[in-house]
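Colleague: One gets this note's numbering by counting positions in the sequence shown from 1 and adding 12 to each.
Here a beta-carbon is modelled for each residue, glycine too, at the ideal position from N, C-alpha and C.
Computed from a predicted model, the values in this text were never measured in an experiment.
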Amino acid sequence: MNDETGYRRIAIGGPKRQKNLDRAAVDRTHRQVAADLYSGALRGTLHTLTPLHIGVGQIKPVDALVPPPANPENIRLAAAFFREDGKLCIPGSSLKGAFRHLYEAVTYSCLAQTHRDYRASDDLRSCYYRADTRQATAPLNLCPACRVFGAQGYMGQVSFRTAHLVSGTTRVEFAPQRWEPKIRPEHERTRKIYAHIPTGDDLMEPLEVVEAGAQFDFKMDFRSLEAVDLGVLLMLFGFDANAQLYPKLGGAKAHGFGAIEIADVALTVNRPEAYYLGGEPEPFNDEIQSLIDGARGSDDVYRDGWDEIVRILRMRPQGF
């Protein structure tokens with residue numbers, strides 16, 4: 013479904029599904045490390061395929077940016093890239109938000125209630141969790157995305173570390189003026205996905221970007237994930253040999269910026285006995301495709317959403 017340039021809208025798989033609807037169901041969250049649940053870490057290298065901008069909401073003098081970007085001398089101000097202790101990096105919250113958005117699109121998950129009352133459809137209403145009022149024996153009723161990534165009052169079961177720049181340079185690129193997203197009534201049951209399409213709009217806003225070809229370290233920790241949850245994450249990271257994806261991060265995604273690839277992957281898991289006794293995590297790379305195949309064939313995956321994500325993000329961007 014086409015929207016404005018650079019966006020595609022896909023229909024939501026609904027109504028949302030919640031697990032543990034049976035009041036007698038076992039509550040399997042962070043508190044339980046079981047043989048059929050997965051806890052561990054995924055490490056890799058994040059490669060930029062097009063210029064990447066992670067903003068801080070500030071316009072700064074170009075000559076005050078460290079390291080200095082390669083830019084024409086007549087550019088004085090630019091939207092600065094995120095830094096931590098003076099080092100260029102991608103905050104974990106940016107990574108988590110980008111992959112949560114894709115996770116919501118390929119599962120039967122809730123829709124955030126923002127901006128308009130028409131977002132408050134009962135069958136898509138946002139999940140929430142109140143630890144102070146919930147009885148210990150009551151099940152945890154959250155949609156797939158909220159169980160994995162967290163909801164109000166619940167921290168989720170994945171954690172993305174800050175990704176630090178390992179190699180690469182910065183420069184100033186111009187992007188079209190960015191505006192608040194347009195939310196219309198006809199968009200009530202759709203999600204917006206950013207395509208790999210540079211726009212021909214007027215280039216007006218100077219952005220400090222990390223150039224294509226840069227590398228960041230990448231790490232995600234996870235705890236007590238079901239096999240399908242981990243499989244869906246691996247699909248969205250682009251590890252499916254049958255449908256590799258190139259996700260997008262940061263600002264100006266609608267204008268061709270922010271395409272990435274995750275490579276040099278090392279997946280490790282902690283078995284329950286290792287988790288409790290302090291044993292070494294096990295390498296698990298050989299199981300990545302089997303986890304993906306199992307997830308893709310699961311009823312938990314919204315297949316139309318997955319097919320649309322593949323259609324939009326499968327083509328490797330060539331830069332601009």
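Quick one: any contact between the region 109 to 124 and the region 273 to 286, if contact means 3 or more CB pairs under 8 Å?
Modeller: Touching, no.
Colleague: Quick check: the Cα distance between GLY67 and CYS139, rounded to an integer number of angstroms?
Modeller: As a working mapping, residue 67 is identified with position 55 in the sequence shown. As a working mapping, residue 139 is identified with position 127 in the sequence shown. Whole-angstrom Cα-Cα distance: 29 Å.
Colleague: With which residues is SER171 paired in a DSSP beta bridge?
Modeller: Against the sequence shown, residue 171 aligns to sequence position 159. DSSP lists ASP233 as partners of SER171.
Colleague: Anyone know if the C-beta pair for GLU220 and PHE111 falls short of 8 Å?
Modeller: Here residue 220 refers to the residue found at position 208 of the sequence shown. Here residue 111 refers to the residue found at position 99 of the sequence shown. It is not a contact, given that the beta carbons lie outside the stated cut-off.
Colleague: Compare the beta carbon distance of HIS65 and GLY309 with 8 Å and say whether it is the shorter of the two.
Modeller: Here the question's residue 65 lines up with position 53 in the sequence shown. Here the question's residue 309 lines up with position 297 in the sequence shown. Their beta carbons are not under 8 Å apart, which means HIS65 does not touch GLY309 by this criterion.
Colleague: May I ask you to list the residues that DSSP assigns as paired with TYR206?
Modeller: Reading the sequence shown from its first residue, position 194 is the one you call residue 206. TYR19.
Colleague: For ARG21 and VAL240, what's the separation of their Cα atoms in angstroms?
Modeller: Indexing the sequence shown from 1 puts residue 21 at position 9. Indexing the sequence shown from 1 puts residue 240 at position 228. Each residue's alpha carbon lies about 25 Å from the other.
Colleague: Out of LYS231, VAL222 and GLU85, state which residue places its alpha-carbon closest to the alpha-carbon of GLY270.
Modeller: Here residue 270 refers to the residue found at position 258 when the sequence shown is read from its first residue. Nearest of LYS231, VAL222 and GLU85 to GLY270, Cα basis: VAL222.
Colleague: Indicate the three-state DSSP secondary structure (helix, strand or coil) for ILE102 in the structure shown.
Modeller: Position 90 of the sequence shown, counting from 1, holds the residue named residue 102. Looking at ILE102 - three-state DSSP - the assignment turns out to be strand.
Colleague: Given a cut-off of 8 Å, decide if LEU100 and LYS355 are closer than it, judged by their beta-carbon atoms.
Modeller: With the chain represented from 13 up to 332, any question about residue 355 goes unanswered, as that position is not in the structure.
Colleague: For the alpha helix (DSSP H) that contains ILE321, what are its first and last residues?
Modeller: Here residue 321 refers to the residue found at position 309 of the sequence shown. Looking at the DSSP string, the run of the alpha helix (DSSP H) that includes ILE321 is 315 to 325.
Colleague: Would you kindly check if the distance between the Cβ of THR60 and the Cβ of ILE272 is under 8 Å?
Modeller: Position 260 of the sequence shown, counted from the first residue, corresponds to residue 272. Position 48 of the sequence shown, counted from the first residue, corresponds to residue 60. Their beta carbons are under 8 Å apart, which means ILE272 touches THR60 by this criterion.
Colleague: Measuring alpha carbon to alpha carbon, tell me which residue in LEU257, HIS176, ASP305 and PHE296 is nearest HIS208.
Modeller: Looking up residue 208 in the sequence shown gives position 196. Nearest option by C-alpha distance: LEU257.
Colleague: Nearest to GLN189 by CA position, among GLU320, HIS267, GLU85 and GLY109, is which residue?
Modeller: The residue given as residue 189 occupies position 177 in the sequence shown. When only C-alpha atoms are compared, the closest one is HIS267.
Colleague: Rounding to the nearest angstrom, what Cα-Cα distance links GLN164 and GLY317 in this structure?
Modeller: Translated into the one-based positions of the sequence shown, residue 164 becomes position 152. Translated into the one-based positions of the sequence shown, residue 317 becomes position 305. Approximately 25 Å between the Cα atoms of the pair.
Colleague: Assuming the contact rule is C-beta atoms closer than 8 Å, VAL244 and ALA187 should be a hit. Round their C-beta distance to whole Å, please.
Modeller: By one-based count along the sequence shown, residue 244 stands at place 232. By one-based count along the sequence shown, residue 187 stands at place 175. Actually they are not in contact, since the Cβ atoms of VAL244 and ALA187 sit about 31 Å apart, beyond 8 Å.
Colleague: Apart from the five residues on each side of it in sequence, which residues of its chain come closer than 6 Å, Cβ to Cβ, to ARG10?
Modeller: With the chain covering only 13 through 332, there is no way to say anything about residue 10.
Colleague: With 16 other CB atoms within 10 Å as the buried threshold, where does MET5 fall?
Modeller: Since the first residue shown for the chain is 13 and the last is 332, residue 5 is missing from the structure and cannot be characterised.
Colleague: Among TYR166, PHE161 and ALA157, which one has its Cα closest to the Cα of TYR141?
Modeller: Position 129 of the sequence shown, counted from the start, is the residue given in the question as residue 141. When each option's Cα is compared against that of TYR141, the closest is TYR166.
Colleague: Taking its Cβ as the centre, do 16 or more other Cβ atoms sit within 10 Å of GLU294, making it buried, or is it exposed?
Modeller: Start at 1 with the first residue of the sequence shown, and residue 294 comes out as number 282. Answer is exposed; the Cβ neighbour count stays below 16.
Colleague: Taking the C-alpha atoms as reference points, what is the distance between LYS260 and ASP135?
Modeller: Looking up residue 260 in the sequence shown gives position 248. Looking up residue 135 in the sequence shown gives position 123. The alpha-carbon atoms of LYS260 and ASP135 are separated by roughly 28 Å.
Colleague: Step through the CB atoms of chain B and report whether any lies within less than 8 Å of the CB of ASP233.
Modeller: Absence of chain B from the displayed structure is noted, only one protein chain being present.
Colleague: Can you check DSSP and say which residues form a bridge with GLU292?
Modeller: Here residue 292 refers to the residue found at position 280 when the sequence shown is read from its first residue. In the DSSP output, where bridge partners are listed per residue, GLU292 has none listed.
Colleague: Could you tell me if ASN282 is buried or exposed, where buried requires 16 or more neighbouring beta carbons within 10 angstroms of its beta carbon?
Modeller: As a working note, residue 282 is residue 270 in the sequence shown. Per the 10 Å Cβ criterion, buried.
Colleague: Using only CA atoms, which one of LEU177, ILE300 and ALA23 lies nearest to PHE228?
Modeller: For this step, residue 228 is matched to residue 216 along the sequence shown. Cα-wise, what sits closest to PHE228 is LEU177.
Colleague: Can you give the Cα-Cα distance for VAL78 and ALA226, rounded to whole angstroms?
Modeller: For the purposes of this step, residue 78 is identified with residue 66 of the sequence shown, where counting begins at 1. For the purposes of this step, residue 226 is identified with residue 214 of the sequence shown, where counting begins at 1. Distance between the alpha carbons of VAL78 and ALA226: 17 Å.
Colleague: Please classify ASP75 as buried or exposed, where buried requires at least 16 other C-beta atoms within 10 Å of its C-beta.
Modeller: Against the sequence shown, residue 75 aligns to sequence position 63. Its Cβ having fewer than 16 others within 10 Å, ASP75 is exposed.
Colleague: How long is the line joining the alpha carbons of ARG55 and GLN70, rounded to whole angstroms?
Modeller: Position 43 of the sequence shown holds residue 55. Position 58 of the sequence shown holds residue 70. ARG55 and GLN70: Cα-Cα distance of roughly 31 Å.
Colleague: Which same chain residues end up closer than 6 Å to GLY52 when comparing Cβ atoms and leaving out the 5 residues on each side of it in sequence?
Modeller: Your numbering for residue 52 matches position 40 in the sequence shown. Cβ within range, chain order: THR280, VAL281, ASN282 and PRO293.
Colleague: Compare the C-alpha of PHE249 against each of ILE102, LEU107 and LYS31 and name the closest.
Modeller: On the sequence shown, position 237 is the one that residue 249 refers to. Out of ILE102, LEU107 and LYS31, LEU107 has the C-alpha closest to the C-alpha of PHE249.
Colleague: Among the residues of its own chain, which have a CB less than 6 Å from the CB of MET216, if the five just before and after it don't count?
Modeller: The residue labelled residue 216 in the question sits at position 204 within the sequence shown. Around MET216: GLN189.
Colleague: What is the rounded straight-line gap between the Cα of TYR19 and the Cα of LYS265?
Modeller: Looking up residue 19 in the sequence shown gives position 7. Looking up residue 265 in the sequence shown gives position 253. Answer to the nearest angstrom: the Cα atoms are 9 Å apart.
Colleague: Kindly indicate which three-state DSSP category VAL277 falls into: helix, strand or coil?
Modeller: The residue labelled residue 277 in the question sits at position 265 within the sequence shown. Three-state DSSP puts VAL277 in a strand.
Colleague: Using alpha carbons as the reference points, say which of ILE205, SER302, GLY291 and SER236 lies closest to ASP252.
Modeller: Within the sequence shown, the letter at position 240 stands for residue 252. Of the candidates ILE205, SER302, GLY291 and SER236, the one whose C-alpha sits nearest the C-alpha of ASP252 is SER302.
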